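Chains as they are written, first to last, in our numbering: chain A, 891 to 1210; chain B, 109 to 387.
For every residue, glycine included, the Cβ atom is placed at its ideal position computed from N, Cα and C.
Values in this document were obtained by computation on a predicted structure and should not be read as measured data.
As structure tokens, the structure follows; a few thoughts come after it.
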Amino acid sequence: MALQAPEMGSGVALPAAAAVAQRAPSGRPPGSRLITPYLFLLPFFVVYGVFLLYPVVDAFRLSFFEQTGISTPEFVGLENYRELFTDERYLKALLNTTLYALASVFILSPLALLVALAVRSFMVPSANMQSFYRVAFFLPNITSFVVIALMFLLVFDVDFGLLNAALQGIGLQGFNWLRSERLALPSIVLVAIWTFLGINSLYFLAGLQNIPDELNEAAALDGAGRSQIFWSVTLPLLRPTILFVLVQATIFSFQIFEIPFLLTQGGPSDASLTLAIYLYEVGFRQFEQGYAAAIGYSLALISIVLAGLQLLLFRAFGDD
Amino acid sequence: MTVGIGRGGRLAQIVGNAVLLLGVFLTVMPFVYMVCASFKPGNELFSFPVRILPDSLYWGNYRLLFEETSFVRWFGNSVFVALARTILAIALSLMAGYAFAKFEFPFKRLLFLLVLGTLTLPLYVILVPLFGLMTDLGWTDTYWALILPFTAQAIGIFLARQQLLGIPNELLEAARIDGAGEWAIFTRVVLPLAQPIIAVMGILFFTASWNDYLWPLIMITSDDKFTVSVGLPTLVGPYSQEYGAVMAGSFMGTLPIVLIFLLFQRRFIEGIMAGAVKG
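Following this line, the structure appears as structure tokens:
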């Protein structure tokens, strides 16, 4: 992607000259054009610098200190990071979050692709029907995580919940979804699938719409069957979208907070503790700011590495 | 797709739609139950067997919500915070996006890459020091803390720049020749042409602010400054017998966003999808 408008060429090299040349007709004092862009940038970058860049740097500094509450910070080098490897609660949270991310990548994303394929395919011929599905599946995406969690508290309730009532209605047995160590995390995954299926389907739908119909028609004329078209035309052309959805799913999975926090508080016995919940507890209940900062950086690092790996994998298998 | 409906195609069509409709049913059901529960008294909500529709329309939950909790206040706070944050974020994004789209200046590429680099930075990285900064500024438990830190949105710069690149340079030059100042050019020429992306950003930022939970949870301690998102879960505690009121609040708290969604459906989806790669 070109970062500057084409007609401006390599203006970065000689900005002053370019600015003067463009300024000439208006006859304002020289140099006024030169600071104009910076004046437009100023408000954004003041806020950005104070509330984003400074905290990013400060978090890095903090992660090398031991600081609890308002005590005097003590430099401990890499101790906070070393502690991560032996902290059982952290490792449990990492495991849970990773399992959750795997479910997003291997269950949620393929499901979303299937929905998109179905909506886009011959199965839903009318445009009205297509937009009906679109709106319906999109609803969870505009609902706040808080409301989603409050709704699902009622859905998962062991005695009076909708889900158990439905299960018992078809002759099955209900479960204590949120208070069972075995089912707490799968329950969170269920809610996540419910929440994010729609938006991911929409991403895939947008990707599918970018594939020209002529390609499918040409393949069909050449005698390719439907599944053959899917594997050799649709899927390869959809690769950028698939990559985007998977990277997105991975990054956001590592930030899951509200839904488990409000549904299970990370319990029972940390069965649904996520990295973000643990960071919140360490930073804002135990007030161990240094350690919380280290957890924050580990969270960012892990999701960046995983997203990078996916990028590399896609490159590796990319060139057919 | 125009691949014809062949053998079994009809059957596949019926099965496919049945599965999709089941999906819609499962998606919509929790919402339906939320609305129904908001019209049930506590003893009916927690009774056996579980029924979806209320026996009769019971308004007690709404009365409780409006008269005995600070819900109305929270709703007002949410509106105020979301509006302030959205307007400021749009203004900052448009100004900076304009500079990136229509000016050449030293360090332009570097600054732009810096912003893009933080596009997906998790809030959790800066949570602790940002809280410390708010404490130092004396902003804990104030609206400032909810509004200002989130007005510099990387995605906003990205969207604004993308849209403003399309403005012809001749238009801006013509205005300059007519003697218009840079600020006048921005407000009279650029802003009107930026309408579509303003709508997209507005929806994106407003929804994000309205649904925000963790940050206000950390920053706000007094009940009368809560937003809807932070306030609602606090009702689960003291009013546990009144879960119907919690559902009433959830319903009322979701309504504004759903209304905006239904009104501006196309722009809305555009806004939420804004991060998606194109082509």
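Any C-beta of chain A under 8 angstroms from that of residue i
i, result
"B:Glu350", "no"
"B:Glu378", "no"
"B:Ile393", "Residue 393 of chain B lies beyond the range of chain B shown here (109 to 387); nothing can be said about it."
"B:Glu290", "yes"
"B:Met142", "yes"
"B:Arg375", "no"
"B:Asn151", "no"
"B:Trp323", "no"
"B:Asn125", "yes"
"B:Ala307", "no"
"B:Thr194", "no"
"B:Met360", "no"
DSSP three-state assignment for residue i, whether helix, strand or coil
i, result
"B:Thr259", "coil"
"B:Glu176", "helix"
"A:Thr1033", "coil"
"B:Glu350", "helix"
"B:Phe188", "helix"
"A:Phe965", "strand"
"B:Glu281", "helix"
"B:Thr329", "coil"
"B:Phe211", "coil"
"B:Ile377", "helix"
"A:Thr958", "strand"
"A:Glu1071", "coil"
"A:Leu1199", "helix"
"A:Leu1105", "helix"
Minimum Cβ-Cβ distance from residue i to chain B less than 8 angstroms
i, result
"A:Thr1033", "yes"
"A:Phe1120", "no"
"A:Ala993", "no"
"A:Glu1148", "yes"
"A:Trp1084", "yes"
"A:Val1025", "yes"
"A:Ile1141", "yes"
"A:Pro927", "yes"
"A:Val1048", "no"
"A:Leu1169", "yes"
"A:Gln1099", "no"
"A:Gly1186", "yes"
"A:Pro933", "yes"
Beta-carbon spacing of residue i, residue j below 8 angstroms
i, j, result
"B:Met355", "B:Ala145", "yes"
"B:Ala197", "B:Phe313", "yes"
"A:Val1195", "A:Ile1185", "no"
"B:Asp249", "B:Lys333", "yes"
"A:Asn1211", "A:Tyr1181", "Because chain A spans 891 through 1210 in this model, residue 1211 of chain A falls outside it and cannot be assessed."
"A:Pro945", "B:Leu241", "yes"
"A:Leu1105", "B:Tyr141", "no"
"A:Val1036", "B:Leu340", "yes"
"B:Ile193", "B:Ile255", "Reading off the sequence, residue 193 of chain B comes out as Arg, not Ile. Against a cut-off of 8 angstroms, the Cβ pair of B:Ile255 and B:Arg193 comes out as a contact."
"B:Ser358", "B:Ala268", "no"
"B:Asn125", "A:Val1014", "yes"
"A:Ser1034", "B:Trp323", "no"
"A:Thr1085", "A:Ile1032", "no"
"B:Ala353", "B:Leu343", "yes"
"A:Gly1064", "A:Phe1027", "no"
"A:Ile1082", "A:Ser1162", "Reading off the sequence shown, one finds Ala at residue 1082 of chain A, where the question assumed Ile. For A:Ala1082 and A:Ser1162, no; Cβs fall outside 8 angstroms."
"A:Phe1177", "A:Thr958", "yes"
"A:Val966", "A:Phe950", "no"
"A:Val1137", "A:Ala1056", "no"
"A:Leu1098", "A:Ala1006", "yes"
"A:Ser1188", "A:Ile1141", "no"
"A:Phe1207", "A:Ala991", "no"
Integer-rounded CB distance, given that residue j should sit under 8 angstroms from residue i
i, j, result
"B:Pro237", "A:Asp948", "4 angstroms"
"B:Ser266", "B:Leu224", "Contrary to the premise, residue 266 of chain B reads as Phe rather than Ser in this sequence. About 7 angstroms separates the two Cβ atoms, so the contact holds."
"B:Ala260", "A:Leu942", "6 angstroms"
"A:Leu984", "A:Leu1165", "6 angstroms"
"B:Leu272", "B:Ala302", "6 angstroms"
"B:Ala207", "A:Leu931", "5 angstroms"
"B:Phe211", "A:Thr976", "Not confirmed; about 52 angstroms, so no contact."
Item checked: Contact between the stretch 1147 to 1160 of chain A and the stretch 195 to 213 of chain B (3+ Cβ pairs under 8 angstroms) -> With a cut-off of 8 angstroms, the stretch 195 to 213 of chain B and the stretch 1147 to 1160 of chain A do not count as touching, because too few Cβ pairs lie within range.
Notebook entry, point to check: Taking contact to mean at least 3 C-beta pairs separated by less than 8 angstroms, is the stretch 152 to 163 of chain B in contact with the stretch 1046 to 1059 of chain A?
Noted result: Remark: three or more beta-carbon pairs, one from each stretch, lie closer than 8 angstroms, so the stretch 152 to 163 of chain B and the stretch 1046 to 1059 of chain A are flagged as touching.
Next item on the list: May I ask you to verify whether the stretch 1125 to 1141 of chain A touches the stretch 1084 to 1096 of chain A, counting CB pairs closer than 8 angstroms and requiring at least 3?
Entry: yes
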